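Asker: The following block contains the structure, expressed as C-alpha cells.
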Amino acid sequence: MTDSGLDGEAVVGRTRRRLAVLAVLILAGFSVLLGRLHQLQVREHARFQTLAEDNRQAFVPIVPHRGQILDIHGEALARNVRAYTLEIDPAQVRDLDGTIDRLSKIVTIEESDRKRFLRQMRDQRGLGSIAIRQHLTDEEVARFVAWKFAFPGVEVQARLFREYPQGEATAHVVGYLGRINEQDLERLEGEGLTGAYRGTDYTGKEGIEAQYEALLHGTTGWERLEVNAAGRAVRRLDRREAVSGKDLVLTIDARLQRFVLDAFAGRRGAFVALDPRDGAVIAMVSSPSFDPKLFLDGLTQADWERLALSEDRPLFNRALRGTYPPGSTFKPFMAMLGLTSGKRQPGQRFDRQGMFEYSGVKLYDKKSSCQSGVDLHRALAFSCNVYFYTLGNELGIDAISSFMGKLGFGQRTGIDLPGEASGVLPSREWKRQRFKKASQQQWFGGETLSTSIGQGYNAYTPLKMAHALSILVNGGVIRKPHVLAATLDPATGERIPVAGEVAGFVKLDPAHVDAVLRAMVDGARIGTSARAFAGAAYSVGGKTGTAQVFSLQGRKYDPDATDEDLRDHSWYIAFAPADEPRIVAAIIVENGGPGGRTAAPLMRQIFDYYFASHVEPGEEGGR
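Using the UniProt record's numbering, you'd call the opening residue of the sequence shown number 1 and step up by one each time.
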C-alpha cells in the first residue's frame with residue numbers, strides 16, 4: 001500500500017472518531033434536554049403552571065373606606081372627603097426631576113411638595129404611585145388633562161382624604177393619620193397584616209385614630225384581573241369587595257370641647273371632665289392645640305419647628321401626659337384618709353393658732369379662717385395647710401402612699417387612649433428606686449409634710465385628678481374612663497354601645513365620703529372658690545389648688561413680681577350637681593397663680609356652658 005493510501009485511511013479514521021464523539025455529545029445534550037423537559041413538564045409541572053397563571057393574572061387591592069369618628073351628638077370629628085391628586089409612578093418616569101419641572105408649569109408645585117414627594121418615595125421604597133400635589137382645583141385638573149399625553153407615568157386620581165372638621169378642638173383626643181413609613185411596615189409585617197394594608201397609604205398615629213386602627217381601617221378587597229404580555233388588563237376574573245371600617249361614636253361633646261379651648265384663650269393648661277356614673281369622658285382639652293391635617297401629607301420643616309420646638313408644646317397632650325404637683329386639690333383625699341384611718345373625726349377641732357412646728361421650723365397659715373377651731377370641714381372649705389401638716393405627720397408616708405395607691409394615684413387610669421402617663425406617688429420604695437446615692441434615698445419627715453398638701457414629689461395628670469374625684473363621688477367605685485361610646489356598621493346601621501367598666505372598689509365609709517363632699521360644697525359656697533361660683537344656677541362642690549413650681553427658699557412669693565414660667569400652677573377640681581353629680585372635672589392653668597383666682601373662674605365658665613347646653617340621656621341628642 002502506498003503512503004497516500006495510508007494517509008487517506010488515517011483521515012477517515014479520525015473523521016469517524018470525531019463523528020462518534022460528536023454523536024455522543026449530541027446524544028448527551030439531547031439526554032440533558034429531555035431530562036430538563038421531563039423535570040419541567042412532569043416533575044415541576046404544577047409549579048410552573050402556577051407561575052404561568054400568576055404571570056397571566058394580577059391582583060389589584062381595593063382599599064376600604066376608613067370609618068368616621070363622631071361625637072356623642074353625631075357631629076363629625078373625622079371623616080372622608082373626595083379630592084383630586086396628581087400622582088407620579090417613579091418606575092415609569094425616566095427623568096423624574098425634569099418631569100416635575102415641566103409639571104410645575106402646568107400645576108402649582110411648591111418646593112415643599114417636591115421634598116415631601118422625594119421623602120415619601122424613599123419611605124415607600126419606590127413601590128407604586130406617589131402624590132406630588134393633593135387637592136387640585138378643577139382648573140388645575142383641566143390643564144393637566146389637556147397635556148396628559150406629554151407626561152407618561154403621571155395621572156390624576158380621585159382619592160378619599162381624611163378631614164378633621166373640629167380642627168384644634170379635638171386634635172388631642174381624635175389624633176391624626178400619617179403616611180405608612182418603614183417602622184409601620186415592619187410592625188405590620190410582624191403582626192402579619194401586610195396583605196391587609198395593600199394599597200393603604202395612611203395609618204393612625206395618635207389618639208383614637210391609633211387606638212382603634214383595627215376597627216377604623218376595615219378589610220381590604222381585591223380584583224383578580226387577566227393581563228396580557230404588556231401587563232395591561234384584559235378582563236376581570238374575580239372580585240372581592242372591600243369592607244368599610246366601623247364608624248366610632250365617642251363620649252366626647254364637640255361643642256364643649258370648642259368652648260373650653262376658646263375659654264383657655266391660648267393659655268397653657270388642660271381640662272378633663274368625666275361622667276362619674278359610667279366613666280365616660282365628656283371633654284378632654286389640652287391647650288394650646290394643633291391642626292391634625294398638617295400630618296396627613298407630612299410636616300414641613302417650618303411646621304415641625306413651630307409645633308415641636310415651641311415652648312408652648314402644642315403637640316403635648318397635657319390632659320393625658322402632663323404631670324403636675326396637685327397642690328391643695330390633694331387635700332380631699334388626705335381628709336378621706338384621715339377619716340378612714342381613725343386619726344380624725346368629722347367634728348374634731350384643733351386650735352393651733354395657724355402654726356405647726358416641725359424640727360424647729362415653724363410653718364404658718366395666716367388665713368383668719370384657719371387660726372382656731374379648725375375641723376375637717378373648715379380645713380377643706382378654706383384650705384388650711386396646718387391641719388393637713390399635722391395629719392400627714394401623724395399618718396406617716398407609708399400610710400399615705402398605701403391609701404393613695406388604692407385610689408389609683410401613681411398609676412394609669414386605663415383610659416382607651418395611647419400614651420397616658422402614670423404620674424408619681426411618692427413613697428419610701430419610690431425614692432430608693434428614683435435616686436442612686438444612698439444619702440438621697442432616705443425618706444425625711446419634712447417630705448411627708450410636703451406630700452400631705454400636694455407638694456413635694458407628688459405629680460399627677462389632670463385626667464388622674466378627675467378620675468380620683470370620680471372615685472370619691474362614687475363612694476369608692478372605680479370606673480375606668482373611656483372615650484368610645486359605640487361602634488356603627490356603615491353598611492347595616494347596627495349600633496353596638498360600649499358599656500362603662502368597673503375596674504375595682506375602695507372600701508370607704510359613706511358617712512366619711514359625705515363629710516368630705518359636703519366640705520367641698522362649702523368650699524364653693526363660702527370657701528376658697530366662693531367668689532368664682534357666686535350666683536351659680538346649680539350646686540357644685542370643688543377644691544382649689546395652687547401648685548408651687550420652684551422652691552422659694554425662705555423668700556416671700558409675689559406672683560406679679562415673678563417670671564411667668566416660675567409662677568404657681570392654678571388647679572381646680574369640682575363635681576356638680578352636688579346632690580347627684582353628673583360631671584366631675586379637673587382643670588389646670590400652667591403658671592396661672594392661685595387656684596381661686598384663675599382655675600376656679602375658668603371652671604365656672606365651663607360649668608355654666610355645660611349645664612346650659614347639656615341634654616340628659618333619653619332626650620334628643622343625648623347620650
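Using N, Cα and C, we set each Cβ at its ideal position, and we do this for glycine too.
These numbers come from a predicted model, not from an experiment.
Grab me the residues of T487's own chain with a C-beta within less than 8 Å of its C-beta, minus the 5 sequence neighbours each way, in chain order.
Answerer: Excluding positions up to five away in sequence, the list reads L215, K246, D247, L248, V249, R495, I496 and V498.
Asker: Would you give the residue range spanned by the alpha helix (DSSP H) that K431 belongs to?
Answerer: That run of the alpha helix (DSSP H) goes R428 to R434.
Asker: Tell me whether S452 is buried or exposed, calling it buried when 16 or more other Cβ atoms sit within 10 Å of its Cβ.
Answerer: Buried: at least 16 other Cβ atoms inside 10 Å.
Asker: Does the Cβ of T598 have 16 or more other Cβ atoms within 10 Å, making it buried, or fewer, making it exposed?
Answerer: T598 is buried by the Cβ-count criterion.
Asker: Within the same chain, show all residues whose beta-carbon is closer than 8 Å to that of V424, passing over the 5 residues directly before and after it, in chain order.
Answerer: Cβ neighbours of V424 beyond the five flanking positions: T323, G410, W430, Y457, N458, A459 and Y460.
Asker: Evaluate R82 with the Cβ neighbour count: other Cβ atoms within 10 Å of its Cβ, from every protein chain shown; 16 or more gives buried, anything less gives exposed.
Answerer: Result: exposed.
Asker: Name the two residues that bound the continuous beta strand (DSSP E) containing K543.
Answerer: That run of the beta strand (DSSP E) goes G541 to A547.
Asker: S450 lies in the alpha helix (DSSP H); which residues open and close that run?
Answerer: Start and end: G445 to S452.
Asker: According to DSSP, W571 sits in a beta bridge with which residue or residues?
Answerer: Per DSSP, G545 and I588.
Asker: Distance check for V361 and R428, CA to CA, integer angstroms please.
Answerer: For R428 and V361, the distance between alpha carbons rounds to 23 Å.
Asker: Taking the runs of the alpha helix (DSSP H) that are 4 residues or longer, which of them lie wholly in the stretch 194-232?
Answerer: Entirely contained in the stretch 194-232, the alpha helix (DSSP H) runs reaching 4 residues are, in chain order, 207-211 and 213-217.
Asker: Leaving out the 5 sequence neighbours to the left and right, which residues in its chain are closer than 6 Å to F161 when beta-carbon positions are compared?
Answerer: These residues qualify, in order along the chain: V81 and A83.
Asker: By a C-beta neighbour count over all protein chains shown, 10 Å radius and 16 as the cutoff for buried, is W304 buried or exposed?
Answerer: Exposed.
Asker: Could you tell me which of G178, Q441, K437 and N393 sits nearest to T448, measuring between CA atoms?
Answerer: The shortest C-alpha separation from T448 is found at N393.
Asker: Give the range of the alpha helix (DSSP H) segment to which N393 is assigned.
Answerer: Note, N393: alpha helix (DSSP H), N385 to L395.
Asker: Whole angstroms is fine: what's the gap from V260's alpha carbon to D275's?
Answerer: Whole-angstrom Cα-Cα distance: 17 Å.
Asker: Can you grab the Cα-Cα spacing for the pair F264 / I69, in whole Å?
Answerer: Whole-angstrom Cα-Cα distance: 25 Å.
Asker: Return the CA-CA distance between Y610 and E241, expressed in angstroms with no decimal places.
Answerer: Whole-angstrom Cα-Cα distance: 44 Å.
Asker: Can you tell which of G446, G414 and Q440 has its C-alpha closest to the C-alpha of A468?
Answerer: Of the candidates G446, G414 and Q440, the one whose C-alpha sits nearest the C-alpha of A468 is G414.
Asker: So, with DSSP's three-state summary, where would you put K105?
Answerer: Note: K105 maps to coil in three-state DSSP.
Asker: Could you check what DSSP says for residue 625 in three-state terms: helix, strand or coil?
Answerer: Residue 625 lies beyond the residue range present for the chain, which begins at 1 and ends at 623; the question has no answer from this structure.
Asker: From the DSSP output, read off the bridge partner residues of I62.
Answerer: The partner list for I62 (beta bridge, DSSP) reads G221.
Asker: When DSSP labels each residue in this structure, what does G167 get in the three-state scheme?
Answerer: Residue state, collapsed to three classes: helix.
Asker: What distance in whole Å lies between the Cβ atoms of G279 and P481, which are believed to be in contact at a cut-off of 8 Å?
Answerer: Correct: roughly 5 Å between the Cβ atoms.
Asker: Tell me, please, which residues DSSP counts as bridged to P418.
Answerer: DSSP, once it has assigned bridges, lists no residue as partnering P418.
Asker: Quick one: residues in its chain with C-beta nearer than 6 Å to the C-beta of N317, no 5 flanking neighbours on either side, listed in chain order?
Answerer: Within the same chain, N317 has close Cβ partners H172 and S286.
Asker: Quick one: what does DSSP say I132 is sitting in, helix, strand or coil?
Answerer: In the structure shown, I132 sits in a strand (DSSP, three-state: E or B).
Asker: Within the chosen definition, does the stretch 94-103 reach the stretch 178-190 through at least 3 CB pairs nearer than 8 Å?
Answerer: The stretch 94-103, when compared against the stretch 178-190, does not touch it at the 8 Å Cβ threshold.
Asker: Kindly provide the ranges of any alpha helix (DSSP H) runs that are 4 or more residues long and lie completely inside the stretch 322-380, ordered along the chain.
Answerer: Here the runs fully enclosed are 331-341.
Asker: What do you reckon, are the CB atoms on Y202 and L484 nearer than 8 Å?
Answerer: No, the pair does not count as a contact, with Cβ atoms beyond the cut-off.
Asker: Kindly indicate if chain C contains any beta-carbon less than 8 Å away from that of V173.
Answerer: Protein chains in the displayed structure number just one, and chain C is not present.
Asker: For A486, which beta-bridge partners are listed by DSSP?
Answerer: Its beta-bridge partners are V249 and P497.
Asker: Please state whether DSSP places T85 in a helix, a strand or coil.
Answerer: T85: strand per DSSP, three-state reduction.
Asker: Would you mind sorting P165 into buried or exposed? The rule is 16 or more other CB atoms within 10 Å of its CB.
Answerer: Under this definition P165 is an exposed residue.
Asker: Determine whether the beta carbon atoms of Q134 and T85 lie at a separation below 8 Å.
Answerer: Contact: yes.
Asker: Decide if M603 is buried, meaning its Cβ has at least 16 other Cβ atoms within 10 Å, or exposed.
Answerer: The residue is buried, with at least 16 neighbouring Cβ atoms inside 10 Å.
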